[in-house]
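Numbering (mature numbering (1 follows the signal peptide of the UniProt record, and there is no 0)), first residue to last: -20 to -1, 1 to 558.
1. Figure out for me which residue from 405, 456, 197 and 479 has the closest Cα to the Cα of residue 497.
2. Measure the Cβ-Cβ separation of residue 481 and residue 346 and say whether it is below 8 Å.
3. Can you find at least 3 beta carbon pairs, one from the region 447 to 454 and one from the region 329 to 339, that sit closer than 8 Å?
4. Under DSSP, the alpha helix (DSSP H) around residue 492 begins and ends at which residues?
5. Just the Cα atoms here: how many angstroms apart are residue 331 and residue 149?
6. For residue 551, does the three-state DSSP call read helix, strand or coil?
7. Tell me the DSSP secondary structure of residue 57 in three-state form.
8. Say yes only if the C-beta of residue 143 is nearer than 7 Å to one or more non-hydrogen atoms of the ligand NAD, and no if none qualify.
9. Assuming contact is defined by CB atoms lying nearer than 8 Å, are residue 342 and residue 154 in contact in what I supplied?
10. Per DSSP, which one or two residues make a beta bridge with residue 359?
11. Which one of 125, 198, 458 and 99 has the shortest CA to CA distance from residue 158?
12. Could you tell me which residues DSSP puts in a beta bridge with residue 348?
13. For the pair the region 235 to 245 and the region 487 to 505, tell me if three or more CB-CB distances fall below 8 Å.
14. With respect to the alpha helix (DSSP H) encompassing residue 474, which residues constitute its N-terminal and C-terminal limits?
15. What residue range is occupied by the uninterrupted alpha helix (DSSP H) comprising residue 441?
16. Taking DSSP as the reference, what is the three-state secondary structure of residue 226?
17. Please name the residue in 523, 310 and 369 whose C-alpha comes closest to that of residue 296.
18. Within 10 Å of its beta-carbon, does residue 377 have 16 or more other beta-carbons around it, so buried, or fewer, so exposed?
19. Could you have a look at residue 175 and say whether DSSP puts it in helix, strand or coil?
20. In angstroms, rounded to a whole number, what distance separates the CA positions of residue 388 and residue 403?
21. Just checking my contact of residue 419 with residue 503 at CB under 8 Å: how many whole Å lie between their CB atoms?
22. Counting only the same chain and skipping the five closest in sequence on each side, list residues whose C-beta sits under 7 Å from that of residue 69.
23. Once the 5 residues before and after residue 514 are set aside, which same chain residues still bring their CB inside 6 Å of it?
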C-alpha cells in the first residue's frame, strides 16, 4: 500500500510541474492509470482469497480514497484535453460514489429485495479462470474463505440493525429462500462444485480425484454451514428487527442519502420534486398513447378492462420455459438483422439467451443483461422463467430490445471493445446512460419494424409507462410519504405488468433507493439530444453516425454525453460548410 501512495504522490508532483499541454496530458494519463490500478488493488482480492469486509479494512480503503480524491480535485480539468476531461469526470464519479456509499453506511445494507452478496458471491464459480492445477487450488481456497466473508457481511447487517440502517420488513418476505437454496444435501448439487464436474485434460486423474474430494469436503464443511448460518440470522434476527417504514428519508441521514443517490444514479442535479413532476407529465402523455392503441385494436371496454384482458387471457402467456426462451431467442435474432441499418459499428462479442438462475428467480425482475467478464466469454440476456403465468409474451419485444440488442449487450460490448480507451473507461457503467440507452433501444424498435400488433405495441408502452411511473412512485415512497400499497396501486393501474411483476418492482424500488430514476431521465436526455442533432443538421443528419457518437466513448455521465453531442453537431456543421 505504501508503494502505491508514494507512486501517486510522485505522479501528482509531476502533474503539477508539467509546463506544456503534452506533458500535462502524459502526467494526467499516468496519474489516472496509477489511481485506477491502486483502486483495483483495493477492490480485487488475491487469487486465493475473497474480499476483506472487516471494519479496519473498509476504514483504510475510505481514507485512501479520500486522499486520492483530494489529489484528483487538485487538478484543474479545464487544462486537460477533451478525452482527459472525460477521463477526469469518470474517475471523479467513481471515487465520489465509493466515498459517499461508505459515508452513508451503505455497507451495512448489502442486500436488496431482489438479491444480495450471498447470491453474487456464487458467480465466482462461473467467472473463475481455471487453466492450471494452481487455479483450482486457488478456487478451493476461495471456497474455504466463504464463512469468514459471510460472517463479516452479517456483522455489518447487525450494525445496521443497531443504527437503523436496514431494509424494510415489507420487502423481505420470502427473501430467506434465496439463501437456503445454496444449502445442498449432496456436494455435487452445489453451484460452487460446478467447476469440478468435468476433468480438464491438463490435470492427471490422481490429482483430479484429490481436488474433487477437497471440493466436496469444502462444500459440506464450509460453504453449507456458512449459508445455513446466514439463513438462521436472516430468519431469527434480521427480518424481525428490520424497520417498519419504507422511505429512504427514514434512514440515518435519510434525506441527504436519497438526494445523493438521486444525483448518483441520474448524474443530474435535480430535486425529488422535479423528478416527480416529470414522471407525472410522462405518465399523462403515455396514458393518452395507450388509449389510442386500445381504440385501434377494436377492443370494447375501459382501460382497466383491457389490462385485465391482457393479464388473464391464456393466449398471452407461455406454456413452458422453453417456449419463453425460444421466443426470446427468436426476437433477439430478428433484432440482430436490423442492426446494420442503425449502427456503423457492431461488437465482436456475441450473446446468449438463458434463464435467470433458479436460486433467486422468484424475487428477481423479469429480465436482465449480464455482460462478459472476460474476452473468452459471451454476454447473456437473462429471461425470468419463474411463474410463467406472470410472464406475458406481449412484453417480450420491448424486453429483448432493452436487454439484448440494440440495448445493453450492444452498449456494454462496444464499450469493452474500445481498446483505445483506458480500462477504467471500458468497464465504466452508469445507470443514467446504460439504462437510458436501454429504454431508448425499446423505442428504436419502432424504426426496426417491431410492435406490429396492438398487443406488443401496448407492451412497449407498458414498459415505457413502467419507467415513467418509477419517477412518481420512487420519489413518492422515499420522500413524500407514499405507502407501499399506494405505489403498487399506481403502477398496477397505469401498466399491463402482471401483479407479480408490479409487487416485485415496487419492492425493488423500496430496497434500492433512486436507482429506478435513471431509466426515464436517461432516455429523455438521449431523445432530446437526437432531436437537437436532427434539427441542427437537417438532411445531413445520419442516424448511424449519431449512434456511433453516443456509444463510441463508452458509458458517460449525461452532462458529458451532452457535451459530446454538441461537439459532434458543431463539427458536422463545419465539415458540411467546408
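Don't be surprised by glycine CBs; every beta carbon is placed ideally from N, CA and C. Computed from a prediction, not measured in an experiment: that's the story for all the values here.
Answer, in terms of the structure:
1. 456
2. yes
3. no
4. Neither: residue 492 is in no alpha helix (DSSP H) and is coded neither H nor E.
5. 37 Å
6. helix
7. helix
8. As presented, the structure is devoid of all ligands, the ligand NAD included, so that no description of it is given.
9. yes
10. According to DSSP, which records beta bridges pairwise, residue 359 is partnered with 331.
11. 99
12. 362
13. Under the Cβ criterion (8 Å, minimum of three pairs), the region 235 to 245 counts as touching the region 487 to 505.
14. Under the DSSP assignment, residue 474 falls in the alpha helix (DSSP H) whose first and last residues are 464 to 474.
15. Start and end: 434 to 459.
16. If DSSP states are grouped into helix, strand and coil, residue 226 belongs with coil.
17. 369
18. Flag for residue 377 reads buried.
19. When DSSP states are grouped into helix, strand and coil, residue 175 belongs to the helix group.
20. 19 Å
21. 4 Å
22. Within the same chain, residue 69 has close Cβ partners 537 and 540.
23. 521
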